[in-house]
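Novice:
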Amino acid sequence: MYPYKGLSKELYILFISRIINSMGTFVFPMLAFILTQKIGFTKGQAGSFITLLAISQVPGMLIGGKLVDSFGRKKIIVIFQGLGTICYLICAFLKPSIIIAIIIIIASSFYGMASPAFDAVSADLTTVKNRKGAFSLLYMGHNIGFSIASVVGGILYKKYLPLIFIGDAITTILSITLFAVFIKETMNKQSEEKQPLVQAINLEQDEEGSVIKVLLKRPILLYFALIMFVYQFAYSQWGFTLPLQMGDVFGSNGAKFYGFLGAFNGAIVIIFTPIVTNLIHKLNPMRAMAYGGFLYAIAFGMLAFINNLYFYFGSIFILTIGEIIIAINNGTFVANHTPASHRGRINSILPIITGSGFALGPVIMGSVMQSKGHVITWTIISLLVMVAGVLMIVLELKDKKVNLVNQV
Numbered sequence: 342m343y344p345y346k347g348l349s350k351e352l353y354i355l356f357i358s359r360i361i362n363s364m365g366t367f368v369f370p371m372l373a374f375i376l377t378q379k380i381g382f383t384k385g386q387a388g389s390f391i392t393l394l395a396i397s398q399v400p401g402m403l404i405g406g407k408l409v410d411s412f413g414r415k416k417i418i419v420i421f422q423g424l425g426t427i428c429y430l431i432c433a434f435l436k437p438s439i440i441i442a443i444i445i446i447i448a449s450s451f452y453g454m455a456s457p458a459f460d461a462v463s464a465d466l467t468t469v470k471n472r473k474g475a476f477s478l479l480y481m482g483h484n485i486g487f488s489i490a491s492v493v494g495g496i497l498y499k500k501y502l503p504l505i506f507i508g509d510a511i512t513t514i515l516s517i518t519l520f521a522v523f524i525k526e527t528m529n530k531q532s533e534e535k536q537p538l539v540q541a542i543n544l545e546q547d548e549e550g551s552v553i554k555v556l557l558k559r560p561i562l563l564y565f566a567l568i569m570f571v572y573q574f575a576y577s578q579w580g581f582t583l584p585l586q587m588g589d590v591f592g593s594n595g596a597k598f599y600g601f602l603g604a605f606n607g608a609i610v611i612i613f614t615p616i617v618t619n620l621i622h623k624l625n626p627m628r629a630m631a632y633g634g635f636l637y638a639i640a641f642g643m644l645a646f647i648n649n650l651y652f653y654f655g656s657i658f659i660l661t662i663g664e665i666i667i668a669i670n671n672g673t674f675v676a677n678h679t680p681a682s683h684r685g686r687i688n689s690i691l692p693i694i695t696g697s698g699f700a701l702g703p704v705i706m707g708s709v710m711q712s713k714g715h716v717i718t719w720t721i722i723s724l725l726v727m728v729a730g731v732l733m734i735v736l737e738l739k740d741k742k743v744n745l746v747n748q749v
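Each residue of the sequence shown is one higher than the one before, counting from 342 in this note's numbering.
1. Using 8 Å as the cut-off, can you tell me whether the stretch 665-673 makes contact with the stretch 630-639, which would need three or more C-beta pairs spanning the two stretches below that distance?
2. In whole angstroms, what is the alpha-carbon distance linking Ala729 and Ala566?
3. Closer than 8 Å by C-beta to Phe654: which residues in its own chain qualify, once you throw out the five before and the five after it? Chain order, please.
4. Flag this pair as yes or no: are the beta carbons of Val571 and Leu725 separated by less than 7 Å?
5. Roughly how many whole angstroms lie between the Cα atoms of Ala374 and Tyr429?
6. What first and last residue would you give for the alpha helix (DSSP H) that runs through Tyr480?
7. For the 8 Å Cβ check, are there 3 or more pairs between the stretch 709-724 and the stretch 395-414?
8. Find the nearest neighbour of Thr679 within the set Ile639, Leu738, Val419, Leu557, judged by alpha-carbon distance.
9. Excluding five sequence neighbours on each side, which residues of the same chain lie with their C-beta closer than 8 Å to the C-beta of Phe581?
10. Nearest-angstrom Cα distance between Thr377 and Ser593?
11. Can you tell me the Cα-Cα spacing of Phe382 and Tyr345, whole angstroms?
12. Roughly how many angstroms lie between the CA atoms of Ser477 and Phe652, to the nearest whole one?
13. Go ahead and label Lys473 buried or exposed: buried means 16 or more other beta carbons lie within 10 angstroms of its beta carbon, across all protein chains shown.
14. Identify, in the order they occur along the chain, each residue of the same chain with its Cβ nearer than 7 Å to the Cβ of Tyr498, setting aside the five sequence neighbours on each side.
15. Which same chain residues, not among the five before or five after Ile439, have their C-beta less than 6 Å away from its C-beta?
16. Just the Cα atoms here: how many angstroms apart are Leu650 and Phe369?
17. Given this structure, state the Cα-to-Cα distance separating Asp465 from Asp589, to the nearest angstrom.
18. Once you ignore the five residues that flank Leu660 on each side, which residues in its own chain have a CB closer than 8 Å to its CB?
19. Beta-carbon within less than 6 Å of Phe520's beta-carbon, same chain only, minus the 5 sequence neighbours each way: which residues are those?
20. Going straight from the alpha carbon of Met454 to that of Ile621, what length do you get?
21. With 16 other CB atoms within 10 Å as the buried threshold, where does Lys739 fall?
22. Going by Cα to Cα distance, which pick from Tyr564, Ala676, Phe356 is closest to Ile734?
23. Let me know the secondary structure DSSP gives Asn648 once reduced to three states.
24. Taking only runs of the alpha helix (DSSP H) that begin and end inside the stretch 403-435, which ones reach a length of at least 4 residues, in chain order?
25. Between Leu479 and the rest of its own chain, which residues show a CB-CB distance below 7 Å, the 5 nearest in sequence each way excluded?
26. Please return the same chain residues whose Cβ sits closer than 7 Å to the Cβ of Ser491, not counting the five positions on each side in sequence.
27. Report yes if the CB atom of Gln422 is closer than 7 Å to the CB atom of Thr513, and no otherwise.
28. Taking Phe459 and Leu424 to be in contact with their CB atoms under 8 Å, please state how far apart those CB atoms are, rounded to whole angstroms.
29. In the DSSP assignment, the alpha helix (DSSP H) including Pro615 goes from what residue to what residue?
30. On a Cα-Cα basis, can you pick out the residue from Ile418, Gly347, Gly486, Leu585 that is closest to Gly365?
31. Work out the CA separation of Gln711 and Leu352 for me, nearest whole Å.
32. Is there a C-beta anywhere in chain B that falls below 7 Å from the one on Met528?
33. Comparing C-alpha positions only, which one of Gly698, Gly685, Thr614, Ile361 sits nearest to Ser551?
34. When the distance is taken between beta carbons, is Leu403 closer than 7 Å to Ser689?
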């Protein structure tokens with residue numbers, strides 16, 4: 342597969358590590374079910390909790406971003422992923438209650454502290470030339486594992502809830518062990534191939550000053566993040582509104598069918614990511630993500646009017662193609678526009694902006710769904726993401742004009 346040839350050994354190891362870690366992603370996909378069916382939250386309370394979960398990550402991500410740029414990527418990943426794992430192991434030995442919900446928040450905070458380090462490592466190990474292919478490979482690795490986790494998690498959920506937490510913890514331990522043994526510290530990594538590219542585009546060179554100063558010099562990153570806020574607001578419904586809707590439509594089989602959809606999503610990613618990567622290889626990242634947003638709008642719009650399981654699979658197919666396009670271009674765009682000296686901090690602040698959409702999505706649309714039903718909910722989501730896609734094209738055109746002026 343052409344996009345994945347010639348990458349560094351570390352990237353292939355990171356790919357394998359991501360597969361292992363994602364194979365145990367049992368807790369988050371089943372979280373809406375755990376909160377409502379096991380702990381006893383209402384739909385509105387579950388939406389508020391998931392929003393609180395996302396908000397709780399903010400301080401950790403900011404601290405983690407600073408630590409990543411100051412002390413390196415590897416230490417942060419090993420320490421805070423390990424602490425999150427301990428939290429999940431504790432949950433495995435507790436009965437479903439509000440205590441488990443609190444520990445999940447603590448674990449999420451630790452994982453949030455490690456997330457800027459993962460983004461920084463991915464950027465450190467790539468160049469402008471191979472970045473889109475590398476990010477595509479890592480994204481596919483996540484989904485190879487996730488496709489397995491969705492089915493297994495859906496099956497374990499009913500009778501073996503503790504195994505969901507234990508399995509998540511064990512795979513995380515294996516993943517960070519592989520990372521720790523085979524990947525060296527990447528901070529300040531420069532290669533003979535990468536340095537000329539950095540000089541040519543003048544966007545990844547080290548910058549002096551605070552992260553706020555850097556962002557003010559590159560406002561396109563902030564505009565981009567605000568549009569991605571809307572994308573994430575919409576995408577959050579895949580993990581919240583959709584499982585609740587399937588629970589309403591299919592009853593006790595809702596969790597199992599939702600797990601099958603998750604596996605289908607992962608299978609589509611595995612099959613189509615190399616194809617899509619080749620097709621959009623030369624397309625401007627912002628234009629590609631606009632097209633991805635339009636596919637989101639179609640997929641979410643379909644969910645307003647269907648109740649047949651086969652049509653759910655059709656909607657998820659369209660959604661997944663859009664997801665592939667957005668995922669492989671999002672990281673590429675940010676890495677291409679971020680100075681190497683500020684990768685940790687930029688990769689903590691931008692996800693907070695975009696992640697706010699993911700955080701607010703469940704609490705806002707959970708209330709809408711509870712009072713207005715899923716038809717109104719999905720119609721609103723579809724319209725919002727359609728507008729965001731148009732704004733992404735506007736931003737691309739504005740960026741081209743700025744580049745032309747700078748070249749003159």
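Just so it is clear, CB atoms sit at the ideal spot from N, CA and C, and this is done for glycine as well.
No experiment lies behind these values; they were computed from the predicted model shown.
Specialist: Taking the structure as given:
1. In short, these stretches touch, since the Cβ pair count reaches three.
2. Roughly 11 Å separates the two Cα atoms.
3. Excluding positions up to five away in sequence, the list reads Leu602, Phe605.
4. In terms of Cβ geometry, Val571 and Leu725 form a close pair [threshold 7 Å].
5. First, the amino acid is wrong: residue 374 is Phe here, not Ala. Phe374 and Tyr429: Cα-Cα distance of roughly 17 Å.
6. Start and end: 472-500.
7. The stretch 709-724, when compared against the stretch 395-414, does not touch it at the 8 Å Cβ threshold.
8. Looking at the Cα atoms, Leu557 is the closest of the given residues.
9. Within the same chain, Ala373, Ala387, Gly388, Ile391, Gly702, Pro703, Met706, Gly707 come within 8 Å of Phe581 by CB-CB distance, once the 5 residues on both sides are set aside.
10. If you draw a straight line from the Cα of Thr377 to the Cα of Ser593, it is about 13 Å long.
11. Inter-residue distance for Phe382 and Tyr345 is about 44 Å (C-alpha atoms, whole angstroms).
12. Those two C-alpha atoms are separated by around 27 Å.
13. With 16 or more other Cβ atoms inside 10 Å of its own Cβ, Lys473 counts as buried.
14. Sequence-distant partners of Tyr498 (beyond 5 residues in either direction) whose C-beta falls short of 7 Å from its own C-beta, in its chain, are Met371, Phe374, Ile505, Ala596.
15. Taken in chain order, the list of residues that qualify is empty.
16. Rounded to the nearest angstrom, the two C-alpha atoms are 22 Å apart.
17. Their backbone Cα atoms lie some 45 Å apart in a straight line.
18. Correct list, in chain order: Trp579, Asn606, Leu636, Tyr637, Ala640, Phe641.
19. For Phe520, where only same-chain residues beyond five positions count, the Cβ hits under 6 Å are Ser358.
20. Met454 and Ile621: Cα-Cα distance of roughly 32 Å.
21. Exposed, since its Cβ has fewer than 16 Cβ neighbours within 10 Å.
22. Ile734 has its Cα closest to that of Tyr564, out of Tyr564, Ala676, Phe356.
23. Three-state DSSP puts Asn648 in coil, outside helix and strand.
24. Those alpha helix (DSSP H) runs which fall completely within the stretch 403-435 and span 4+ residues are 414-432.
25. Excluding residues within five positions, the ones whose Cβ falls inside 7 Å are Leu355, Phe356, Arg359, Ser463.
26. Within the same chain, Ser491 has close Cβ partners Pro370, Gly600, Gly603, Ala604, Gly607.
27. At the C-beta level, Gln422 and Thr513 come within 7 Å of one another.
28. Between Phe459 and Leu424, the beta carbon gap of about 15 Å keeps them out of contact (Cβ cut-off 8 Å).
29. Pro615 -> alpha helix (DSSP H) spans 595-620.
30. The shortest C-alpha separation from Gly365 is found at Gly486.
31. Taking the Cα positions, Leu352 is about 44 Å away from Gln711.
32. The structure shown contains no chain B; it is built from a single protein chain.
33. Selected option, being the one with the closest Cα: Gly685.
34. Pairing Ser689 with Leu403 gives a Cβ-Cβ distance under 7 Å.
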